[in-house]
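Everything in the sequence shown is counted per full-length UniProt numbering, starting at 1 for the first residue and increasing by one. A short worksheet on the structure shown next.
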Amino acid sequence: MRVAADDPLAADVRALLEEHLADMRRISPPESVHALDPAALAAPGVLFLAAREDGGTLLGCGALKRLSDEEGELKSMRTTIAARGRGVASAVLAAVLDAARAQGLGRISLETGTEPFFEPAVRLYLRHGFVPRGPFADYTDDPHSRYLTLVL
Numbered sequence: 001m002r003v004a005a006d007d008p009l010a011a012d013v014r015a016l017l018e019e020h021l022a023d024m025r026r027i028s029p030p031e032s033v034h035a036l037d038p039a040a041l042a043a044p045g046v047l048f049l050a051a052r053e054d055g056g057t058l059l060g061c062g063a064l065k066r067l068s069d070e071e072g073e074l075k076s077m078r079t080t081i082a083a084r085g086r087g088v089a090s091a092v093l094a095a096v097l098d099a100a101r102a103q104g105l106g107r108i109s110l111e112t113g114t115e116p117f118f119e120p121a122v123r124l125y126l127r128h129g130f131v132p133r134g135p136f137a138d139y140t141d142d143p144h145s146r147y148l149t150l151v152l
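As structure tokens, this is what we get:
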């Protein structure tokens with residue numbers, strides 16, 4: 001498996017991101033869906049990473065959105081159904097954290113949901129040292145959102 005910068009507009013990535021957005025819209029009320037679409041992930045200030053097998057098969061993705069000179073936000077973490085349980089999410093998260101450090105960021109934060117669907121992701125983040133925090137950036141108190149942060 002290799003994790004590297006990738007194109008969020010590539011056909012296989014778009015399909016994975018559309019699956020991600022569909023799940024977010026199915027689980028959370030519209031005002032609580034904060035996932036970025038492929039075009040937003042291709043914008044300046046966002047580093048999009050994908051995990052791929054040596055043959056090029058997409059396994060998962062994640063992104064780092066720069067919020068300031070000191071803080072970044074983890075966005076669009078997703079693993080393909082076929083690749084779940086293979087360490088893809090941990091590998092993508094590690095690559096995002098390495099990229100944040102390389103950019104000189106001192107903190108990375110994220111927003112995720114409070115529904116049971118999000119529990120595996122929350123366990124992953126807590127295992128990697130993230131801790132709860134309040135809303136950040138443009139987020140507000142929302143019963144459907146949970147906020148975590150990691151000092152790098």
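Where a beta carbon is used, it is the ideal one built from N, C-alpha and C, also for glycine. Just so we're clear, the structure is a prediction, and the values are computed from it rather than from any experiment.
Taking 7 Å as the cut-off, the beta carbon of Arg84 is found no closer than this to the beta carbon of Thr112.
Residue pairing from DSSP leaves Tyr125 without any beta-bridge partner. In the structure shown, the three-state DSSP call for Phe48 is strand. Taking a 10 Å sphere around the C-beta of Ile108, we find 16 or more other C-beta atoms and assign the residue as buried.
Distance from the Cα of Asp7 is smallest, within the candidate group Pro29, Ala43, Arg86, Ala22, for Ala43. The residue from Pro29, Tyr139, Asp69, Asp23 with its alpha-carbon nearest to that of Thr80 is Asp23. Our two residues, Ala91 and Glu31, have alpha carbons roughly 30 Å apart in a direct line. Ranked by Cα distance from Pro143, the options Glu115, Leu21, Arg25, Ala121 are led by Glu115. Rounded to the nearest whole angstrom, the CA to CA distance from Pro135 to Gly56 is 37 Å.
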